[in-house]
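Worksheet for the structure shown next.
Set out below in structure tokens:
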């Protein structure tokens, strides 16, 4: 059967109330073909997330309604492996007795997590300078360093991508300290690697269909605009860090935090870019119109948030997509040029060389 996670917004409810509601689910779960596996509860935020094995989401809702009347505000289907990776378990925690009542397990564990994304940004140019074996060895060494630091600060590996590494942290403070340690190690090592990092934070179930969908999307988008040696934090990360550290925030030159207004703009910018990036005639005027701001306002805002002009931002996005297509062998260079919105393969090659330090044809040959 599929597994579902639901979200309950229940401000004012205690951990014991939630534990008792969970017991009521267990008593009638068979009637609805469900198996209530476990839950997470955050009294401060007033949120509870239940993990349930069921035929469909309607069965989950019906079970809750009859058991205790706490109807979920949102239900999504999830992958049990991802749940265990992000949250550390897919069943009740193993404890002997945490309440003095052996028949009632009270769980007070938030599902709120920080997601750290570290990305190696200059891999193509390194291919120009070193052999394939040397590049692979360097990437492997970088990953080992990042993985070691993430494990040191209790991060759990989420996904190992081609040029990066991602981990989930129960503590925002640990995530922030981890990126600083990674930065220091890379800076002191003298390795010719451009590393961009981001940290986002949030809940597993929101309005997105995907598990931790908003958190993952935010981390990817923040890392996309992070320059060499820079770490960009979401506003939720800064807010939670201060909560965990008596109102204090760690100030460092390499740490940049976006405020909620800038995050909203970045999301509108990325939503629009992701929708139209491969259209040849898509330009700055189109971008400003779809976002709903004037061209002058777009210029000021995009420069402040990303450090780039609107035209440069779109071009870089297209080039990164082209890079992915070359790595995945999705056509020859001319085909990729046209498919990524360039109307001239020669101009595309020139832009690619400027961006990555190597011609696209040379890069394709290097990784073939």
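In the working numbering, the protein residues as written are 880 to 1247. Heads up, the beta-carbon is just placed ideally off N, CA and C, and yes, glycines get one too.
At least three beta-carbon pairs within less than 8 Å, the region 990–1004 to the region 933–943: Contact between the region 990–1004 and the region 933–943 is absent, with fewer than three C-beta pairs closer than 8 Å.
Residue range of the alpha helix (DSSP H) that includes residue 942: Along the chain shown, one-based indexing puts residue 942 at 63. Per DSSP, the unbroken alpha helix (DSSP H) holding residue 942 starts and ends at 936–946.
So, residue 949 versus residue 930, is the Cβ gap smaller than 8 Å? Translated into positions along the chain shown, residue 949 becomes position 70. Translated into positions along the chain shown, residue 930 becomes position 51. Against a cut-off of 8 Å, the Cβ pair of residue 930 and residue 949 comes out as no contact.
Determine, using beta carbons only, whether residue 1086 comes closer than 8 Å to chain B. Of the protein chains in this structure there is only one, and it is not chain B.
List the residues that DSSP assigns as beta-bridge partners of residue 996. On the chain shown, position 117 is the one that residue 996 refers to. DSSP output for residue 996 lists 1045, 1077 as bridge partner(s).
Would DSSP call residue 1065 helix, strand or coil? Position 186 of the chain shown, counted from the first residue, corresponds to residue 1065. Judged by DSSP in its simplified three-state form, residue 1065 adopts helix.
Does DSSP put residue 1185 in a helix, a strand or coil? The residue labelled residue 1185 in the question sits at position 306 within the chain shown. Reduced to three states, the DSSP call for residue 1185 is helix.
Can you round the beta-carbon distance between residue 1217 and residue 1156 to whole angstroms, since I take them to be within the 8 Å contact cut? On the chain shown, position 338 is the one that residue 1217 refers to. On the chain shown, position 277 is the one that residue 1156 refers to. Not really, about 13 Å apart at Cβ, beyond 8 Å.
Hey, which unbroken runs of the beta strand (DSSP E) at 3 residues or more fall wholly within the region 882–917? Given a length threshold of 3 residues, each whole run of the beta strand (DSSP E) inside the region 882–917 is given here in chain order: 882–888.
Do residue 953 and residue 885 have their beta-carbon atoms positioned less than 8 Å apart in this structure? As a working mapping, residue 885 is identified with position 6 in the chain shown. As a working mapping, residue 953 is identified with position 74 in the chain shown. In terms of Cβ geometry, residue 885 and residue 953 form a close pair [threshold 8 Å].
Cβ separation of residue 1078 and residue 1113, assumed to be a contact under 8 Å, to the nearest whole Å: By one-based count along the chain shown, residue 1078 stands at place 199. By one-based count along the chain shown, residue 1113 stands at place 234. With a Cβ gap of about 7 Å, residue 1078 and residue 1113 count as contacting.
Quick one: using the 10 Å Cβ neighbour count with 16 as the cut-off for buried, is residue 1054 buried or exposed? Position 175 of the chain shown, counted from the start, is the residue given in the question as residue 1054. Per the 10 Å Cβ criterion, buried.
Under 8 Å between the Cβ atoms of residue 1137 and residue 1111? Counting from one through the chain shown, the residue named residue 1137 turns up at place 258. Counting from one through the chain shown, the residue named residue 1111 turns up at place 232. In this structure, residue 1111 lies closer than 8 Å to residue 1137 by Cβ.
Check whether residue 1105 and residue 1081 have beta carbons under 8 Å apart: The residue labelled residue 1105 in the question sits at position 226 within the chain shown. The residue labelled residue 1081 in the question sits at position 202 within the chain shown. Contact check for residue 1105 against residue 1081 fails: the beta carbons are separated by 8 Å or more.
To the nearest whole angstrom, what separates the beta carbons of residue 1131 and residue 1163, a pair I think is in contact under 8 Å? Taking the chain shown and counting its residues from 1, one reaches residue 1131 at position 252. Taking the chain shown and counting its residues from 1, one reaches residue 1163 at position 284. Contact between residue 1131 and residue 1163 is ruled out by a C-beta separation of about 34 Å, above the 8 Å threshold.
Could you work out which residue in 944, 1026, 883 is closest to residue 826 when comparing CA atoms only? In the structure as shown, the chain begins at 880 and stops at 1247. Residue 826 is therefore absent and cannot be evaluated.
Enumerate in chain order the residues of its own chain whose CB-to-CB distance from residue 897 is below 6 Å, with the five nearest sequence positions on each side excluded. Position 18 of the chain shown holds residue 897. 920, 927, listed in sequence order.
Indicate the three-state DSSP secondary structure (helix, strand or coil) for residue 1235 in the structure shown. The residue given as residue 1235 occupies position 356 in the chain shown. Of the three classes helix, strand and coil, the one that applies to residue 1235 here is helix, per DSSP.
Among the candidates 1198, 891, 1226, 1051, whose CA atom is the shortest distance from the CA of residue 1124? Residue numbering aside, residue 1124 sits at position 245 when the chain shown is read from its first letter. That would be 1051, whose Cα lies nearest to the Cα of residue 1124.
If we count the other Cβ atoms within 10 Å of its Cβ and call it buried at 16 or more, is residue 1020 buried or exposed? Here the question's residue 1020 lines up with position 141 in the chain shown. The residue in question, residue 1020, is exposed, as its Cβ has fewer than 16 Cβ neighbours within 10 Å.
Would you list, in sequence order, the uninterrupted alpha helix (DSSP H) runs of no fewer than 4 residues that lie entirely inside the region 1160–1222? Listed in chain order, they are 1163–1170, 1174–1185, 1189–1206, 1212–1218.
Provide the residue span of the beta strand (DSSP E) that contains residue 1082, from first to last. Within the chain shown, numbered from 1, the residue matching residue 1082 stands at position 203. Where residue 1082 is concerned, there is no enclosing beta strand (DSSP E), given that its DSSP letter is neither H nor E.
Just checking, does the region 1022–1038 make contact with the region 951–971 on the three C-beta pairs under 8 Å criterion? The region 1022–1038 is in contact with the region 951–971.
Rounded to whole angstroms, what is the Cα-Cα separation between residue 1184 and residue 1149? Stepping through the chain shown from its first residue, residue 1184 is reached at position 305. Stepping through the chain shown from its first residue, residue 1149 is reached at position 270. Distance between the alpha carbons of residue 1184 and residue 1149: 12 Å.
Given this structure, state the Cα-to-Cα distance separating residue 914 from residue 1118, to the nearest angstrom. Within the chain shown, the letter at position 35 stands for residue 914. Within the chain shown, the letter at position 239 stands for residue 1118. About 36 Å.
Reference residue 1045; option with closest CA among 1059, 1066, 1102, 1194: As a first step, residue 1045 is located in the chain shown; it is residue number 166 there, counting from the start. Closest by alpha carbon: 1102.
How would you label residue 1095, buried or exposed, when you count the other beta carbons within 10 angstroms and need 16 or more for buried? Taking the first residue of the chain shown as position 1, residue 1095 is located at position 216. Result: buried.
Mapping DSSP to helix, strand and coil, what is residue 1229? To locate residue 1229, count along the chain shown from 1; it is residue 350. Of the three classes helix, strand and coil, the one that applies to residue 1229 here is helix, per DSSP.
Can you tell me whether residue 1032 is helix, strand or coil according to DSSP? For the purposes of this step, residue 1032 is taken as the residue at position 153 of the chain shown. Annotated three-state conformation of residue 1032 is coil, per DSSP.
Ends of the alpha helix (DSSP H) at residue 1142? To locate residue 1142, count along the chain shown from 1; it is residue 263. Element bounds for residue 1142: 1139–1155.
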